[in-house]
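Sequence lines, in order, name chains P and H.
End of the first sequence sits at 424 in this note's numbering; the numbers just go up one at a time, nothing left out.
End of the second sequence sits at 607 in this note's numbering; the numbers just go up one at a time, nothing left out.
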Amino acid sequence: MNKLDKVKRIVIQKTLKLDCGKSISNFPIAYETYGRLNENKDNAILVFHALTGDQFASGVNPVTNKEGWWSYAVGSGKAIDTNKYFVICANVLGGCMGSYGPSDINPENKKIFGTDFPVITINDMVNAQYELLAHLKIEKLFSVIGGSMGGMQVLQFISNFPDKSHTAIPIACTASHSAQNIALNELGRQSIMADSDWQNGFYEEKNKSPAKGLSVARMAAHITYLSKKGLQEKFGRKLQERDDLKFSFDADFQIESYLRYQGSVFVDRFDANSYLYITRAMDYFDLTKQFNGNLSKAFQKSNTKFFIISFTSDWLYPTAENREIVIALNSLGKDVGFVEIKSDKGHDSFLLDVPDFLNAVKNFLNTSYGKINEKRI
Amino acid sequence: MKKEFNIIANLIETNSKVLDVGCGDGELMDYIYNNITKDIRGIEISKKNVQKCIERGLTVIEGDAEKDLKQFPDSSFEYVILSQTLQAFLDPENVINELLRVGKKAIVTIPNFGFWKVRLHLLFKGTMPITKNLPNEWYNTPNLHMCSIKDFENYCNKRNIKINSSNLGYKNLFSDLGIFIIEK
């Protein structure tokens, strides 16, 4: 059975003009929903996933048989309570869990796209997901929420569709991808492209897979999702199932073994070309530049109530970058709240069991939901 | 609720746009939100208090009033409230200037160092005064720049700051707290 038999997909009939100049049409978007849309259709929340996420935010992912990537936050009685809200999550354009991506067939030559797939952007991703809302017959969302690249999509979504959501929660993200983050993404891409099995992106038709390259890319990226303190506390210099150093290049240290494991399991669930395309989309993200250097203008037409969250130990998308979004909104007098959560878990904090974070999201959503009929939001 | 919260809330016009600087756990904001205006938000430096404000469903920005007021444009609020924290800032003069830039009006409260109990404490005991509004010892007080109601009035006169409604019946000698509405 094809893994994609287990995913819900719709085919977007419209033609979508991409930022790169090309157009796509009749393309699939894979999605999952949790909870129920109520009669008023006012309880829908669109969750945007991060680089290596997918539409399976909660429950068991039927393809990987692992817990959904945001199981701490999304579910019955959780911060994003599926008893109360109708949660929608779609696989991004360029992804590898059923949405249109580099593993799909190129209609022009009937071969797998590989690197012939058009380069996509965060803007393209949210425009594609907007079409999904029409399919689900949702006029106005209660909230859009996402961390990391998911947060970037939140910002772009509100900028593109200023009246489409009552509230917005960008988490641990930025309005403009930094040089450091572009550098780290480039490291991952080069690692994939240095694998001879990558075959210039046409590995699938040759029945090859750049697993080593993708695995190293994941290992490097994984370090950036943690904090120095978190790593030190979890691993320190602990040795891996041995009493002493082996004077070899085997994984002596637990941290080495851990990273190797993270790399090896990643390649089973993720496509190397998708990794290239999605990291590129992140690098190209510069909402400030889209508005000629004035980020405020991105939000000028919106009355969405914002709640921005960062983490103390996140050095990948540090508080200062999240604050820039707060400042841009404040300069327009928009309704924006901001909190920096204390956590040693680095950028990954938003995916983990961080009670202060989960409580803040829960309280913001629940109190805001009670107010959506007031005129303010 | 603290008695001055009621006085402050009554100074604010219905449905006006308000910023509470150093909003604490949001008690005052909550009262104003439910009774005076929905268009209110706060700035608060303590993470714990920020969480409490979020629990109450209030809009709050975690931040430092000494640095983070500059992100608000001129006259972006009808009222900016600074309740009893002026004396704790490193640079209160800068904060006052920022309050008056960001708000059309600023409501400032100060613990009055000219209060008779404070005067008597220093006169007879010869030690730094401890009262309800000044509960700390000299070595652990967050208050860096204590002043009296008279000091504050003198300051405003010197800087051509208009005291719109001063003190509301309180006097330098008889009140432990000064409440002012000031504007440029």
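Where a beta carbon is used, it is the ideal one built from N, C-alpha and C, also for glycine.
request  = Look at D443 (chain H) and I463 (chain H) and say whether their C-beta atoms are less than 8 Å apart.
outcome  = The residue given as residue 443 (chain H) occupies position 20 in the second sequence. The residue given as residue 463 (chain H) occupies position 40 in the second sequence. Cβ distance < 8 Å, so D443 (chain H) and I463 (chain H) count as in contact.
query = Should the stretch 470-480 of chain H be regarded as contacting the stretch 530-545 of chain H, the criterion being three or more beta carbon pairs within less than 8 Å?
reply = no
C-alpha gap between L51 (chain P) and L481 (chain H), whole angstroms = Mapped onto the first sequence, residue 51 (chain P) falls at position 4. Mapped onto the second sequence, residue 481 (chain H) falls at position 58. Taking the straight line joining both Cα atoms gives about 44 Å.
inquiry  = Is there a Cβ of chain H sitting closer than 8 Å to that of K389 (chain P), yes or no?
reply    = Counted from its first residue, the first sequence places residue 389 (chain P) at position 342. It does; some Cβ of chain H falls within 8 Å.
query = Taking E368 (chain P) as the reference, which of P:H394, P:Q102 and P:G145 has the closest Cα?
reply = Here residue 368 (chain P) corresponds to residue number 321 of the first sequence, with the count starting at 1. Of the candidates P:H394, P:Q102 and P:G145, the one whose C-alpha sits nearest the C-alpha of E368 (chain P) is P:H394.
ask   = In chain H, which residues lie with their C-beta within 8 Å of the C-beta of S378 (chain P)?
value = For the purposes of this step, residue 378 (chain P) is identified with residue 331 of the first sequence, where counting begins at 1. Those are Q494, F495 and P496, listed as they occur along chain H.
message = When you compare the CB positions of P257 (chain P) and A328 (chain P), do they come within less than 8 Å of one another, or not?
response = Position 210 of the first sequence, counted from the start, is the residue given in the question as residue 257 (chain P). Position 281 of the first sequence, counted from the start, is the residue given in the question as residue 328 (chain P). Against a cut-off of 8 Å, the Cβ pair of A328 (chain P) and P257 (chain P) comes out as no contact.
task = Tell me, please, which residues DSSP counts as bridged to C136 (chain P).
result = Looking up residue 136 (chain P) in the first sequence gives position 89. The partner list for C136 (chain P) (beta bridge, DSSP) reads P:E79 and P:V94.
ask   = When the Cα atoms are used, what is the spatial distance from G301 (chain P) to K285 (chain P)?
value = For this step, residue 301 (chain P) is matched to residue 254 along the first sequence. For this step, residue 285 (chain P) is matched to residue 238 along the first sequence. The identity of residue 301 (chain P) in the sequence shown is Gln, whereas the question assumes Gly. Distance between the alpha carbons of Q301 (chain P) and K285 (chain P): 6 Å.
request  = Measure the Cβ-Cβ separation of L412 (chain P) and I127 (chain P) and say whether it is below 8 Å.
outcome  = Position 365 of the first sequence, counted from the start, is the residue given in the question as residue 412 (chain P). Position 80 of the first sequence, counted from the start, is the residue given in the question as residue 127 (chain P). Yes. Within cutoff.
message = With a threshold of 8 Å between beta carbons, is K528 (chain H) in contact with chain P?
response = Against the second sequence, residue 528 (chain H) aligns to sequence position 105. So no, K528 (chain H) is outside the interface.
ask   = List, in order along the chain, the chain P residues whose C-beta lies closer than 9 Å to that of Q510 (chain H)?
value = For the purposes of this step, residue 510 (chain H) is identified with residue 87 of the second sequence, where counting begins at 1. Residues of chain P passing the Cβ test: none, with the nearest at roughly 26 Å.
key: Assigned secondary structure, H213 (chain P) (DSSP; H/G/I helix, E/B strand, else coil)   = Looking up residue 213 (chain P) in the first sequence gives position 166. When DSSP states are grouped into helix, strand and coil, H213 (chain P) belongs to the strand group.
query = Would you report the Cα separation of D599 (chain H) and K540 (chain H), rounded to the nearest angstrom?
reply = Translated into the one-based positions of the second sequence, residue 599 (chain H) becomes position 176. Translated into the one-based positions of the second sequence, residue 540 (chain H) becomes position 117. Those two C-alpha atoms are separated by around 8 Å.
key: C-alpha gap between K64 (chain P) and S70 (chain P), whole angstroms   = By 1-based counting over the first sequence, the position of residue 64 (chain P) is 17. By 1-based counting over the first sequence, the position of residue 70 (chain P) is 23. Each residue's Cα considered, the two are about 4 Å apart.
request  = Would you mind telling me which residues of chain H sit closer than 7 Å to D403 (chain P), beta carbon to beta carbon, in chain order?
outcome  = Taking the first residue of the first sequence as 1, we reach residue 403 (chain P) at position 356. Q474, listed in chain order.
key: Outcome for E186 (chain P) when other beta-carbon atoms lying within 10 angstroms are tallied against a minimum of 16   = Position 139 of the first sequence, counting from 1, holds the residue named residue 186 (chain P). Under this definition E186 (chain P) is an exposed residue.
task = Below 8 Å on the Cβ atoms is my guess for I27 (chain P) versus D330 (chain P); work out the distance and round it to an integer in Å.
result = The structure shown has nothing for residue 27 (chain P), since chain P only spans 48 to 424.
key: Range covered by the beta strand (DSSP E) that runs through T62 (chain P)   = Indexing the first sequence from 1 puts residue 62 (chain P) at position 15. According to the DSSP assignment, T62 (chain P) belongs to the beta strand (DSSP E) that extends over K55 to K64.
Three-way DSSP call (helix, strand, coil) for L600 (chain H) in this model = Counting from one through the second sequence, the residue named residue 600 (chain H) turns up at place 177. L600 (chain H): strand per DSSP, three-state reduction.
query = Where does the unbroken alpha helix (DSSP H) through D453 (chain H) begin, and where does it stop?
reply = The sequence position of residue 453 (chain H) within the second sequence is 30, counting from 1. Where D453 (chain H) is concerned, the enclosing alpha helix (DSSP H) stretches over E450 to N458.
ask   = How many angstroms separate the CA atom of I424 (chain P) from the CA atom of I216 (chain P)?
value = Indexing the first sequence from 1 puts residue 424 (chain P) at position 377. Indexing the first sequence from 1 puts residue 216 (chain P) at position 169. The pLDDT assigned to I424 (chain P) is 47, lower than 50, so where the model puts this residue is not dependable; a value taken from the coordinates is nonetheless given after this. If I take the Cα positions, the gap works out to 14 Å.
DSSP three-state assignment for K585 (chain H), whether helix, strand or coil = The residue labelled residue 585 (chain H) in the question sits at position 162 within the second sequence. Of the three classes helix, strand and coil, the one that applies to K585 (chain H) here is strand, per DSSP.
key: Cutoff 8 Å; reference D244 (chain P); Cβ partners in own chain excluding five residues on either side   = As a first step, residue 244 (chain P) is located in the first sequence; it is residue number 197 there, counting from the start. Result list for D244 (chain P): Y250, K255, S256, P257, A258, K259 and G260, in chain order.
query = Nearest chain P C-beta to T482 (chain H) closer than 8 Å, yes or no?
reply = For the purposes of this step, residue 482 (chain H) is identified with residue 59 of the second sequence, where counting begins at 1. At least one chain P Cβ lies under 8 Å of T482 (chain H).
For I424 (chain P), three-class secondary structure by DSSP = For this step, residue 424 (chain P) is matched to residue 377 along the first sequence. Residue confidence for I424 (chain P) is low, a pLDDT of 47 falling below 50, so the modelled location carries little weight; the figure read from the coordinates is stated next. Here I424 (chain P) sits in coil by DSSP.
query = Taking Cβ to Cβ, would you say W362 (chain P) is nearer than 8 Å to S238 (chain P)?
reply = Position 315 of the first sequence, counted from the first residue, corresponds to residue 362 (chain P). Position 191 of the first sequence, counted from the first residue, corresponds to residue 238 (chain P). No, these two residues do not count as a Cβ contact at 8 Å.
task = Return the chain-ordered ranges of every alpha helix (DSSP H) run that is complete within the stretch 506-545 of chain H and spans a minimum of 4 residues.
result = 515-525 and 539-543
key: C-alpha distance - W116 (chain P) paired with S105 (chain P), whole-angstrom precision   = Translated into positions along the first sequence, residue 116 (chain P) becomes position 69. Translated into positions along the first sequence, residue 105 (chain P) becomes position 58. Using only the alpha carbons, I get a separation of about 7 Å.
inquiry  = If contacts are defined as beta-carbon pairs under 8 Å, then A219 (chain P) and Y119 (chain P) qualify, I think. What distance do you get, rounded to the angstrom?
reply    = The residue given as residue 219 (chain P) occupies position 172 in the first sequence. The residue given as residue 119 (chain P) occupies position 72 in the first sequence. Not really, about 14 Å apart at Cβ, beyond 8 Å.
request  = Starting from the Cα of M196 (chain P), find the closest Cα among P:S206, P:H224 and P:H269 and give me that residue.
outcome  = On the first sequence, position 149 is the one that residue 196 (chain P) refers to. Answer by Cα proximity: P:H224.
message = With the cut-off set at 8 Å, would you say E450 (chain H) and K470 (chain H) are in Cβ contact?
response = Position 27 of the second sequence, counted from the first residue, corresponds to residue 450 (chain H). Position 47 of the second sequence, counted from the first residue, corresponds to residue 470 (chain H). Not closer than 8 Å, so no.
message = Considering Cα atoms alone, identify which of P:N130, P:Y147 and P:Y132 is closest to N138 (chain P).
response = By 1-based counting over the first sequence, the position of residue 138 (chain P) is 91. It is P:Y147.
ask   = Cα-Cα, which of H:G549, H:K548, H:F512 and H:S439 is closest to V503 (chain H)?
value = The count along the second sequence starts at 1 and reaches residue 503 (chain H) at position 80. Among H:G549, H:K548, H:F512 and H:S439, the Cα nearest to that of V503 (chain H) is on H:S439.
ask   = Considering only C-alpha positions, which residue in the set P:K389, P:L334, P:N377 and P:L376 is nearest to Q200 (chain P)?
value = Residue 200 (chain P) sits at position 153 when you count from the first residue of the first sequence. Nearest option by C-alpha distance: P:L334.
query = CB-CB under 7 Å to G277 (chain P), same chain, minus the five flanking residues each way: which ones, in chain order?
reply = Taking the first sequence and counting its residues from 1, one reaches residue 277 (chain P) at position 230. For G277 (chain P), same chain residues with a beta-carbon under 7 Å away, outside a window of 5 residues either side, are S360, D391, K392 and G393 in chain order.
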